[in-house]
Every structure is written in structure tokens, then in C-alpha cells.
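For reference, the structure discussed in these notes is given below.
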Amino acid sequence: MRPFAYVRAHSPAEAVEEYAAHPGARFLAGGTNLTDLMKLGVETPQTLIDVSRLPLDRVETLPGGALRIGAAVRNSDLAAHPVVRERYPALSQALLAGASGQLRNMATTAGNLMQRTRCTYFQDPAKPCNKRLPGSGCPAGEGVHRDLAVLGHSERCVATHPSDMAVAMAALGATVHLLGPEGERALPLTGFHRLPGDRPERDTEILPGELITAVELPPPMGVSAYRKARDRASYAFALVSVAAVLDVRDGIVHDAGLAFGGVAHRPWRADAAETVLLGAPATPDTFAQAAEAELVHARPLRDNGFKVPLARNLAVDVLTALAARATGAPA
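Residue numbering for the sequence shown follows the working numbering, beginning at 203 and increasing consecutively.
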């Protein structure tokens, strides 16, 4: 048992102040990831600042049709929310695809975004890992990497981000709201998580002492869905997942959002694929061309090349089903 201090914050501003007053602190909400890492010895915070009781647990429809999701909203509550189920089904599907019901009852929106990789080298303090100990090396590149990245990785790190929720939010165009010592700011979710580069120890662009207060989704632009391929039917992280949003008018793609999970250090927004989709016929051929345009940049490792065709086929399947829904045709 490693000793640590515990502080309960009563407001977001107080949480930020307590963080500044306690070097080596971590914010604690549901704790479904942080406490596991503490047990493993990967995380060793000096102080835990409890933010689970802050008034950040509401889901609100904003003027103009956007949706504001408080940082402390539990995953199970968000998945079951009637507005989310009706207007953002990809998000509800992604949440229900992640973890067990017990974990969803504890896990929060902010905690889901902040969860860390499940790479076995990162989770074992006896092994080298640039993410855990910068400069120690990345044995995953030549070692066990079947589940790891095929896009955006570097020599320093080939880990993948484990979230399902974040992939759906990336496709939906979410914005993350933060409160820190310098005040409030907002980041697009696609710019919130980082690629590893030469600083794999940094998962996100969050600054020291900043607290996630909410995630905002823009008004829905069309039909959406989330699909996850995994080794077993439940309680497994994605080998590849796809979140897609599609607005089809008169058989033409008017707008689209596409993101992959399980393939990179962050939820992967498929910008190249979206460029191909916009203004093109909503057909399987178009969807295949779009997926190929994105995945041509993949750099699979020795044992995970299967992820590339899996991602392509999954994206085509999801987009084809969405196009059928958008036009009222049989799927």
C-alpha cells in the first residue's frame, strides 16, 4: 500500500485550486481506470482530489440543438439518455459496447476520455515503456503488438487509445470544455488526444491542473452508428471500431463524419475518407474508395496487419447500412 492524501472538492474552481496546492495530485471521479493503475504501481499520485460529487452530472440540450454533457455524467446514464439514444445513437451504442454494466455505472464522461492505454508493457512496471518512463524504450514494436496501432504511431510508442465513447464523439464533432488555473477554454475532441511522436508520455493536450467540465456535441447532422470488432462478444477492447455519421440527400453524401478506434494512439478521425465522401454518391464503391484513401497511410506492425482490411470492411459495412437508413431502403 502506497500512502496518499485525499481531498474532496466542492466546486470545479476548488478542485483546480486543490490541484495547484498539492504537487503530484490526480483528479478522481469513478476511478475505474486510475485505481487499477494505482494497484499496478503505474500511477502513484501523492494526492487524490475527489471530483465525483461536483455539479457536473447533467445532460442539457442547448439553444440551437447542441447537447452539453457534464464531465461527471456516468456512462450508463449517458447511454440510456433519451436524447442521446434518439439523436446520437452512435454514442449510445459505443458506450454500451464498452466494459461491463457495473463499470459503466461508475465510469464518467471525463474519466472515459482520460483513460490510458491497455498496452501490456505500459501496465507492467517491470518492463520498459516510454509512455510510463520516458527514454526507457518501446519493446512492443518487436514484441506483443497484435492489439496495437497501425496509424499515427512512432518509434517511441505503438499504443492505442482504449475508449469506445471517444471514437463516437470524434465522429460526432465533439468539443471538450476545460477549467484550469488560467480560466476556461475549449478544444475539439480531435485535438484533445495526442499522437505519440517523441512525447508518448503525454496522452492529451490537457494542461497541468486543468479539469474537464463538459463535452459538447453539435446538433446532429444525419444518421449515425458505432460498430466494434473484438475477440469476444463482450468485455473486450476493440481490435477495430468504426463510428460514422452520414447525411445523404438525393443519393449524394451531403455531410459525413468517420472515426476509427483501436488503430491509433488517439481516436482516429478519418479526414481523408471524409474528403472522398463529400459530394459523392452514397454507394458501397464510394465507401470503399473513402476507406482506402484513409488506410493507405497505415503502417501495420508484424502481427497486426489484419487490422487494415478489418477497418476497411467495417467502415464500408457501417456506411452502407447508414446510407440505406438515410434513404429508407432495405439495409
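For every residue, glycine included, the Cβ atom is placed at its ideal position computed from N, Cα and C.
Extent of the continuous beta strand (DSSP E) to which Tyr428 belongs | 425-431
Does DSSP classify Val520 as helix, strand or coil?
-> helix
From Pro511 to Ala517, what distance separates their C-alpha atoms?
-> 10 Å
Alpha carbon of Ala495 to alpha carbon of Ala223, nearest angstrom | 48 Å
Spell out a yes or no on whether the region 237-255 and the region 288-296 are touching, meaning 3 or more CB-CB pairs, one atom from each, closer than 8 Å.
-> no
What is the residue span of the beta strand (DSSP E) that Ser443 lies within?
-> 442-451
Quick one: what's got a C-beta closer than 7 Å to Ala461's C-beta in the same chain, skipping five residues either side?
-> Val369, Ala372, Ala373, Ala445, Pro469, Trp470, Arg471, Ala472
Where Glu220 falls, given that 16 or more other Cβ within 10 Å makes a residue buried | buried
Would you give the residue range spanned by the alpha helix (DSSP H) that Gly507 belongs to?
-> Note, Gly507: premise wrong, no alpha helix (DSSP H); not H, not E.
Measuring CA to CA, which of Pro422, Ala474, Phe439 is closest to Arg429?
-> The option with the nearest alpha carbon to Arg429 is Phe439.
Reducing DSSP to helix, strand and coil, say where Tyr437 ends up.
-> coil
Please decide whether Ala475 counts as near chain C, where near means a Cβ-Cβ distance under 7 Å.
-> Annotation note: the requested chain C is absent from the structure, which comprises a single protein chain.
Could you have a look at Leu256 and say whether DSSP puts it in helix, strand or coil?
-> coil
What is the DSSP secondary structure of Arg527, counted as helix, strand or coil?
-> helix
How many Å lie between Met203 and Lys241 at the Cα?
-> 8 Å
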